[in-house]
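2 protein chains.
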Amino acid sequence: MAAKSSAAAPSAGPDKPRVRDRILDTACELFYRHGIRAVGVDAIANEAGTNKMSFYRSFPSKDDLVAEYLRDQEREYWRWWDEVTAPHADDPRRQVEALIDSVIDLARHKSKAFEGCKTSRGCALGNASVEIPEDNERLSGIVHAYKAEIRRRLRRLAREMGAREPDVLGDALMLLMEGSYYTRLTFPDNTGPVAAIAKAARALIDAHLAG
Amino acid sequence: MAAKSSAAAPSAGPDKPRVRDRILDTACELFYRHGIRAVGVDAIANEAGTNKMSFYRSFPSKDDLVAEYLRDQEREYWRWWDEVTAPHADDPRRQVEALIDSVIDLARHKSKAFEGCKTSRGCALGNASVEIPEDNERLSGIVHAYKAEIRRRLRRLAREMGAREPDVLGDALMLLMEGSYYTRLTFPDNTGPVAAIAKAARALIDAHLAG
DNA sequence: TGCGGGTGTTACCGGTCAGTAACGCTGACA
DNA sequence: TGTCAGCGTTACTGACCGGTAACACCCGCA
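The listed protein sequences derive, respectively, from chains R and P.
Residue numbers for the first sequence, in my numbering: 1 to 211.
Residue numbers for the second sequence, in my numbering: 1001 to 1211.
As structure tokens, then:
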């Protein structure tokens, strides 16, 4: 949604965004909820209030749409990350704790950042990597770079908070977060083990900062 | 199913198992490596050295094969679990540590239990839940029961080792394990954060046993 | 007034999907 | 000798997939 009324649309319909944007928004929702392979371009186009022909005027192929979907979800993720960490700009530990706490909120879709956006099915990029064929280096490259950046950021935060083994702590925090996303696929709402991440992360941080 | 040369096959071909078994074996490999939706019954039948018609003589539908695949992978998992924990029958902490250490070995496919079985793509059941449509209660039920059992076992081990908050510790350990499986999809071999699980799990256990 | 970009519509292509019908062969067993 | 289960083979259905061709329309802009 949001989507701003694109840069160059002086008059334009007030609540009818460009076709390309409608398609991408719809694709994001359907891909996330049902998986990439389960959703055809025909279904996306129809759901977006247009048709397949108009779809192919905006995207060269379904693969291009998928790539756009992945980049879009990645952008949303970093937006969430930055919003959550911003209030604790020079306290790396509280940044991590804020992220962890927000993961829990996200799991029960109560986050302010993702206001009623969609019921949580965990990590869009991670789930996509189940469906991406191994020889598709373009798509799997996007996912890999994304996960590598998460890892880099968490390791950096661990280093900044003075952890004894920052890489180990960063990776451990990543495992907890990824585990939360993954189990979210199987356990509805907050019935899964996600809630344990709050205490676990704090205990790990304590252990790495102690004596 | 009984696998091996079924009860009533006195002579029988020595190295040519029944069609049904060949199909199931092939399906397990292909589903795990490429995903469920990506592999058609035709491909499975051909790879198993037979054809689609013979396939449908053994399985009423693809969904039934998928269900069998999930149950098979689950059985393999518990077999692994029991093998790894057996040597430390009355030391719950060492059981957990053995499991954790074996997860690392598994990630770099060096486990004795899964000798050269397949390059690791994490948890078969978890990955399947990405592709299972939400209204398919049969398949998603299998996955849910499986993950719930993992959770139950880890919580029980945490309780047996005298943790202060056994459910929290059990769930935290589960998050670490699931995170290991999940990230294994993105990071090849042991380049990912999986290795951190060893120290992280021990630190968490220590924290829950202290005081 | 005319032009042209963005869009909707219909029909089509070749390929693949899950699933079925019908027939023929072989080999164990009685 | 006959039977019958197990398996291979070919050909088929109807639906859907990703992707394309050709044409009509509307509307802002010059």
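Using N, Cα and C, we set each Cβ at its ideal position, and we do this for glycine too.
Interface positions of the region 1135-1162 of chain P facing chain R (Cβ-Cβ less than 7 Å), listed along the chain: VAL1143, HIS1144, LYS1147, ARG1151
Close Cβ partners of THR26/R (< 6 Å) along its chain, the five nearest in sequence each way excluded: Locating residue 26/R in the first sequence gives position 26, counting from the first residue. So the list reads ILE44, GLU47, ALA48, once near-sequence residues are dropped.
So which residues of chain R does LYS1062/P contact, with C-beta pairs closer than 8 Å? Locating residue 1062/P in the second sequence gives position 62, where the first residue counts as 1. What LYS1062/P touches in chain R: nothing, since even the nearest Cβ is about 14 Å away.
Nearest chain P C-beta to VAL66/R closer than 7 Å, yes or no? As a first step, residue 66/R is located in the first sequence; it is residue number 66 there, counting from the start. No - not a single Cβ of chain P is within 7 Å of the one on VAL66/R.
Just confirm the distance between the C-beta atoms of ILE36/R and GLU131/R, as a whole number of angstroms; I'd bet it's less than 8 Å. For this step, residue 36/R is matched to residue 36 along the first sequence. For this step, residue 131/R is matched to residue 131 along the first sequence. That belief holds up - the Cβ atoms of ILE36/R and GLU131/R are roughly 5 Å apart, short of 8 Å.
Nearest to ARG1018/P (by Cα), restricted to the options ARG1184/P, MET1177/P, ALA1038/P, THR1050/P: To locate residue 1018/P, count along the second sequence from 1; it is residue 18. Ranking the options by Cα distance to ARG1018/P, first place goes to THR1050/P.
Looking only at its own chain, which residues have a Cβ that is under 7 Å from the Cβ of GLY162/R, when we skip the five neighbours before and after it? As a working mapping, residue 162/R is identified with position 162 in the first sequence. The answer, listed in chain order, is LEU209.
Whose Cβ in chain R lies nearer than 8 Å to the Cβ of HIS1034/P? Along the second sequence, read from residue 1 onward, the residue named residue 1034/P stands at position 34. The contacting residues are PRO133, GLU134.
Can you grab the Cα-Cα spacing for the pair ALA1201/P / GLU178/R, in whole Å? Position 201 of the second sequence, counting from 1, holds the residue named residue 1201/P. Position 178 of the first sequence, counting from 1, holds the residue named residue 178/R. Going from the Cα of ALA1201/P to the Cα of GLU178/R covers about 15 Å.
Helix, strand or coil: which one does DSSP assign to MET1161/P? To locate residue 1161/P, count along the second sequence from 1; it is residue 161. Of the three classes helix, strand and coil, the one that applies to MET1161/P here is coil, per DSSP.
Between which two residues does the alpha helix (DSSP H) harbouring GLY126/R extend? In the first sequence, the residue the question calls residue 126/R occupies position 126. Segment 124-131, the alpha helix (DSSP H) holding GLY126/R.
Flag THR26/R as yes if its beta-carbon sits less than 7 Å from any beta-carbon of chain P, otherwise no. Within the first sequence, residue 26/R is the residue found at index 26, counting from 1. It does not: the Cβ of THR26/R has no partner Cβ on chain P nearer than 7 Å.
Closest by CA to LEU1173/P, which one among GLU1137/P, ASP1101/P, HIS1144/P? Here residue 1173/P refers to the residue found at position 173 when the second sequence is read from its first residue. Of the listed residues, the one whose Cα sits closest to LEU1173/P is ASP1101/P.
Whether PHE1031/P touches TYR1077/P by CB criterion (7 Å): Here residue 1031/P refers to the residue found at position 31 of the second sequence. Here residue 1077/P refers to the residue found at position 77 of the second sequence. Not closer than 7 Å, so no.
Is ARG22/R buried or exposed, if buried means 16 or more other CB atoms sit within 10 Å of its CB? The residue labelled residue 22/R in the question sits at position 22 within the first sequence. By the neighbour-count rule (16 or more Cβ atoms within 10 Å), ARG22/R is buried.
Please confirm if ASN1127/P has its CB atom under 7 Å from at least one CB of chain R. The residue given as residue 1127/P occupies position 127 in the second sequence. ASN1127/P counts as touching chain R.
Cβ of GLY179/R within 7 Å of any chain P Cβ: Residue mapping note: residue 179/R aligns to position 179 of the first sequence, counting from 1. With 7 Å as the cut-off, GLY179/R counts as an interface residue toward chain P.
Segment contact, 8 Å Cβ cut-off, at least three pairs: the region 118-129 of chain R with the region 1182-1195 of chain P: yes
So is LYS4/R buried or exposed if we call it buried at 16+ other beta carbons inside 10 Å? What you label residue 4/R is simply residue 4 of the first sequence in a count that begins at 1. With a pLDDT of only 32 at LYS4/R, under the threshold of 50, the placement of this residue in the model should not be trusted; the figure read from the coordinates follows. Answer is exposed; the Cβ neighbour count stays below 16.
Answer yes or no: do LYS62/R and VAL39/R have a C-beta to C-beta separation smaller than 7 Å? Looking up residue 62/R in the first sequence gives position 62. Looking up residue 39/R in the first sequence gives position 39. Against a cut-off of 7 Å, the Cβ pair of VAL39/R and LYS62/R comes out as no contact.
Do ALA84/R and ALA67/R have their C-beta atoms closer together than 7 Å? Taking the first sequence and counting its residues from 1, the one referred to as residue 84/R is at position 84. Taking the first sequence and counting its residues from 1, the one referred to as residue 67/R is at position 67. First, the amino acid is wrong: residue 84/R is Val here, not Ala. Their beta carbons are not under 7 Å apart, which means VAL84/R does not touch ALA67/R by this criterion.
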